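Asker: To start, I am sharing the structure in question, which I have written as structure tokens.
Number of protein chains: 2
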Amino acid sequence: MVGGGQLARMTHQAAIALGQSLRVLAADENDAAALVAADVTIGHYTDLEALTAFAKTVDVLTFDHEHVPGEHLLVLAMNDDTPIRPGPDALAFAQNKLVMRERLSAEDYPCPPFAEVSDVDDVLKFGAQHSWPVVLKAATGGYDGKGVWMLDSDAEARSLVPELLAAGTQLMVERRVEMRRELCALVARSPFGQGAAWPVVETVQKDGINTEVLAPAPGLTARKVDEAQDLALRIANALGVVGVLAVELFDTDGGLVINELAMRPHNSGHWTMDGSRTSQFEQHLRAVLDYPLGSTELLAPTVMANVLGAPVTPQMSPDERLHHLFARFPEARVHLYGKGERPGRKLGHVNFVGQDVPELRRRATLSAHWLSHAEWPDGYDIHGKER
Amino acid sequence: MVGGGQLARMTHQAAIALGQSLRVLAADENDAAALVAADVTIGHYTDLEALTAFAKTVDVLTFDHEHVPGEHLLVLAMNDDTPIRPGPDALAFAQNKLVMRERLSAEDYPCPPFAEVSDVDDVLKFGAQHSWPVVLKAATGGYDGKGVWMLDSDAEARSLVPELLAAGTQLMVERRVEMRRELCALVARSPFGQGAAWPVVETVQKDGINTEVLAPAPGLTARKVDEAQDLALRIANALGVVGVLAVELFDTDGGLVINELAMRPHNSGHWTMDGSRTSQFEQHLRAVLDYPLGSTELLAPTVMANVLGAPVTPQMSPDERLHHLFARFPEARVHLYGKGERPGRKLGHVNFVGQDVPELRRRATLSAHWLSHAEWPDGYDIHGKER
Chain A
1 MVGGGQLARM THQAAIALGQ SLRVLAADEN DAAALVAADV TIGHYTDLEA
51 LTAFAKTVDV LTFDHEHVPG EHLLVLAMND DTPIRPGPDA LAFAQNKLVM
101 RERLSAEDYP CPPFAEVSDV DDVLKFGAQH SWPVVLKAAT GGYDGKGVWM
151 LDSDAEARSL VPELLAAGTQ LMVERRVEMR RELCALVARS PFGQGAAWPV
201 VETVQKDGIN TEVLAPAPGL TARKVDEAQD LALRIANALG VVGVLAVELF
251 DTDGGLVINE LAMRPHNSGH WTMDGSRTSQ FEQHLRAVLD YPLGSTELLA
301 PTVMANVLGA PVTPQMSPDE RLHHLFARFP EARVHLYGKG ERPGRKLGHV
351 NFVGQDVPEL RRRATLSAHW LSHAEWPDGY DIHGKER
Chain B
1 MVGGGQLARM THQAAIALGQ SLRVLAADEN DAAALVAADV TIGHYTDLEA
51 LTAFAKTVDV LTFDHEHVPG EHLLVLAMND DTPIRPGPDA LAFAQNKLVM
101 RERLSAEDYP CPPFAEVSDV DDVLKFGAQH SWPVVLKAAT GGYDGKGVWM
151 LDSDAEARSL VPELLAAGTQ LMVERRVEMR RELCALVARS PFGQGAAWPV
201 VETVQKDGIN TEVLAPAPGL TARKVDEAQD LALRIANALG VVGVLAVELF
251 DTDGGLVINE LAMRPHNSGH WTMDGSRTSQ FEQHLRAVLD YPLGSTELLA
301 PTVMANVLGA PVTPQMSPDE RLHHLFARFP EARVHLYGKG ERPGRKLGHV
351 NFVGQDVPEL RRRATLSAHW LSHAEWPDGY DIHGKER
């Protein structure tokens, strides 16, 4: 696996059960996966030489992010027999949002109106036609709300767009979608073409960062579940994806609209580690290793909350915080990434599995907040009873 | 963790979720845990120097087996501040069956009549008093049926006992227990004294090796469940166990009788990886690291079957066998240990979780047999429909 972040870390956990050990190309020996995997090569994903040498040592190459330069992938695919899964042709659609929009719109998948931006006038024209605000996006490299700007007016476009273009950022503009909520359809596809879909989930964002996932999406009609799963499976097939594909969706009055694609285990699928028969990490491996896919059965409703670094790192040690969390919620399923604390950084996630979804949400968000802030938003005091 | 077998391998998986990485003292770089853990020291558990050096590098020492010599543990405990969990005093009762029987009998826990054997006459006298057959046991070092002999007569005792004594084997003799089935009560205890009990399971043995575990034990009355859990928790407390304690039990007409103790994650608890809220591996770590214990809730009835090396290693590769298994049973939860195949060797296990226990058993035993023998005992043929 190229990339040594938390996705590689959790994929290694899954690899162990399959009798394997994940070989990781990590940029740094303190990367989340490098801390726990037996077989780590240090090298950067933008370094073609490092990639080439790494590819020669593995049976199949896969990724924990979509940032390996497309031209490197094409060179790897041409010069080496090692299968790349997903392949460069498929990955291009997860790497470049403009390429993705062009392809999916051409095949009549539901996308918002969009345009390429080579000039600020393209944005002004698009704003006049579709009405403000509009969404400006960097075509490549964005994540967690980075590379996305909401433009309210001509004036805002004039102040931002020329600067970004001058910096060499490839830009596109989209109509802002009026939505009820965000959903995600997570599927997997094997090289053989077998597909498997997990229950469709609702994702909750704050400042562009996913904070919570509700599995399955509460109150979603069976028709919309079918539609979302069908959409994701058809896209996986059309683009020749191998591995996990996340299709981020807007749930709108007019139906489902596609937001973004990711071709790897995805934050919206972390709930599967405790809430589904087969986790997204095992499933990604099964697809990439060309095994038949596993059952995506829901074990019980699950709520996942991300542990995001607090603005100020608390004095209480992470270890002590975990201690208190386990004391309050012995049923919490905690997954930590071994990363240093930084504001907004994804440090881990917590799953709660059960039947009472509002209570699961309450516990998951309390737990995630506690683990990063060392404070209980509901005023809970573990020593309260003794006072 | 001292020892690099499959228990250490699966403990490492659990450690990753807690934001940790297990440091392993493995005898060989190809040991099951050494293949997957980032932090491996090569050294033998009988080598006091290796143990001492290893203990100095860790925050707390624990074990994946009970074979570290007791005198080494005492030296470690005296010379080093590193906590040893479970401690030497507790471990002594898992290391030596005679010591265990003496202590538990003295405290009136249900044990079969037993006697120390310093001479063949001790066995003959015991046989005459309790009637044949009797069970002869090596006090230390036995596992998976090794170190246990059923003696049917004076003659058998005379032919075997002197030879074993001459070889330096410490021996004891027990009354053979007439039983309905074997059970296991798995609990954990923290240094703080917190206890947690999983549902009591039924274990199925063939030739002294555990082949199947049914969780929970079918048809066990609530009163017997309580009794078994209570017994195990009280023993954990009485012996000062820290970590997981497995109390193997005989279910007899006269009630529960204690067979053996293990103070570590145990084969009878492998089902917890998929069938309980908290796995025995995470729980062992939580106890050893002095975290509050996790919920031992049963998610659904679970059947575990061990994958034991076949008498003749099949031609079909393990990889291809796994492929076929996943094709037939997409819901199988497979855990492989990365070990080379040898007859009777524990290579992995398979869990099936659901409601229909006879069907779970059927699938688990079929799967385990298939993975080692590359043959379906029920004659299933994946290509059958095409013919």
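As you go down the protein sequences, you meet chains A and B in turn.
Letter 358 of the first sequence, counting from 1, is numbered 358 in full-length UniProt numbering, and no numbers are missing.
Letter 117 of the second sequence, counting from 1, is numbered 117 in full-length UniProt numbering, and no numbers are missing.
Glycine included, every Cβ here is placed at the ideal spot set by N, Cα and C.
From a predicted model like this one, the values you see are computed outputs, not experimental measurements.
Cα-Cα, which of A:N259, A:A236, A:L360 and A:P343 is closest to H373 of chain A?
Answerer: A:P343
Asker: Could you tell me which chain A residues have their CB closer than 7 Å to the CB of A197 of chain B, listed as they occur along the chain?
Answerer: Taking a Cβ-Cβ cut-off of 7 Å, A197 of chain B has no neighbours in chain A, whose nearest Cβ is about 13 Å from it.
Asker: My understanding is that V36 of chain B touches S21 of chain A, with C-beta atoms under 8 Å, so please give their C-beta distance in whole angstroms.
Answerer: 5 Å
Asker: Along the beta strand (DSSP E) that carries R23 of chain B, what are the first and last residues, could you check?
Answerer: R23 to A26
Asker: Is it true that the segment 345–358 of chain A meets the segment 306–323 of chain B, where meeting means three or more beta-carbon pairs spaced less than 8 Å apart?
Answerer: no
Asker: My understanding is that A287 of chain B touches V242 of chain B, with C-beta atoms under 8 Å, so please give their C-beta distance in whole angstroms.
Answerer: With 8 Å as the limit, A287 of chain B and V242 of chain B qualify as a contact, their Cβ atoms being about 6 Å apart.
Asker: Beta-carbon within less than 6 Å of E386 of chain B's beta-carbon, same chain only, minus the 5 sequence neighbours each way: which residues are those?
Answerer: In this prediction, E386 of chain B has a pLDDT of 45, which is less than 50 and means its spatial position is unreliable; nothing more can be read from the coordinates.
Asker: Tell me the residue span of the alpha helix (DSSP H) that contains I16 of chain B.
Answerer: Q6 to A17
Asker: Tell me whether the segment 65–73 of chain B and the segment 33–49 of chain B touch, counting them as touching only if at least three CB pairs, one residue from each stretch, are closer than 8 Å.
Answerer: yes
Asker: Which of the three DSSP states, helix, strand or coil, is assigned to D253 of chain B?
Answerer: coil
Asker: Verify whether the separation of the beta carbon atoms of V307 of chain A and L360 of chain A is less than 8 Å.
Answerer: no
Asker: Within the 8 Å Cβ cut-off, does I16 of chain B reach chain A?
Answerer: yes
Asker: So, are the CB atoms of P301 of chain A and Q355 of chain A less than 8 Å apart?
Answerer: yes
Asker: Whole-angstrom Cβ separation of L231 of chain B and A246 of chain B, contact assumed at under 8 Å?
Answerer: That pair is no contact at about 12 Å.
Asker: Check T365 of chain A in the structure and name its three-state DSSP category.
Answerer: Secondary structure at T365 of chain A: helix, using DSSP grouped into helix, strand and coil.
Asker: If E116 of chain B sits next to D108 of chain B, beta carbons under 8 Å apart, how far is it from one beta carbon to the other, in whole angstroms?
Answerer: No, E116 of chain B and D108 of chain B are not in contact; Cβ-Cβ is about 19 Å, not under 8 Å.
Asker: Given V120 of chain B, which residues of its chain have a CB within under 8 Å of its CB, disregarding the five upstream and five downstream residues?
Answerer: A157, R158, V161, P162 and L165
Asker: DSSP has G243 of chain B in a bridge; who is on the other side?
Answerer: B:R189
Asker: Per DSSP, which one or two residues make a beta bridge with F63 of chain A?
Answerer: A:V2
Asker: Helix, strand or coil for R158 of chain B? Go by DSSP, reduced to three states.
Answerer: helix
Asker: Note down, in chain order, each residue of its chain lying with its Cβ closer than 7 Å to the Cβ of A26 of chain B, except the 5 sequence neighbours on either side.
Answerer: G4, A33, A34, V40 and I42
Asker: Give the single residue among B:G141, B:R180 and B:R264 whose Cα lies nearest to the Cα of Q6 of chain B.
Answerer: Measuring from the Cα of Q6 of chain B, the nearest candidate turns out to be B:R264.
Asker: Mind pulling the chain B residues with CB within less than 9 Å of R277 of chain A?
Answerer: D274, P330, E331, R333 and V353
Asker: Helix, strand or coil: how does DSSP classify Y380 of chain A here?
Answerer: Residue state, collapsed to three classes: coil.
Asker: Report the residue from B:T11, B:A53 and B:E49 whose alpha carbon sits nearest the alpha carbon of A38 of chain B.
Answerer: B:T11
Asker: Looking at I258 of chain A: is its Cβ nearer than 8 Å to the Cβ of L249 of chain A?
Answerer: In terms of Cβ geometry, I258 of chain A and L249 of chain A form a close pair [threshold 8 Å].
Asker: Listing by chain order, which chain B residues have their CB less than 8 Å from the CB of Q13 of chain A?
Answerer: Q13, I16 and A17
Asker: Of all the CB atoms in chain B, is at least one closer than 8 Å to the CB of E297 of chain A?
Answerer: yes
Asker: Check the C-beta distance from L293 of chain B over to A188 of chain B and give it rounded, since I have them as a contact under 8 Å.
Answerer: With 8 Å as the limit, L293 of chain B and A188 of chain B qualify as a contact, their Cβ atoms being about 6 Å apart.
Asker: In the structure shown, what three-state DSSP assignment does Q129 of chain A receive?
Answerer: In the three-state DSSP reduction, Q129 of chain A falls in the helix class (H, G or I).
Asker: Out of B:G208, B:D144 and B:P112, point me to the one whose CA is closest to V134 of chain B's CA.
Answerer: B:P112
Asker: In chain A, which residues lie less than 8 Å from S190 of chain B when you measure between Cβ atoms?
Answerer: Within 8 Å Cβ-Cβ: nothing; S190 of chain B doesn't reach chain A, min ~10 Å.
Asker: Grouping DSSP H, G and I as helix and E and B as strand, with all else coil, what is T313 of chain A?
Answerer: coil
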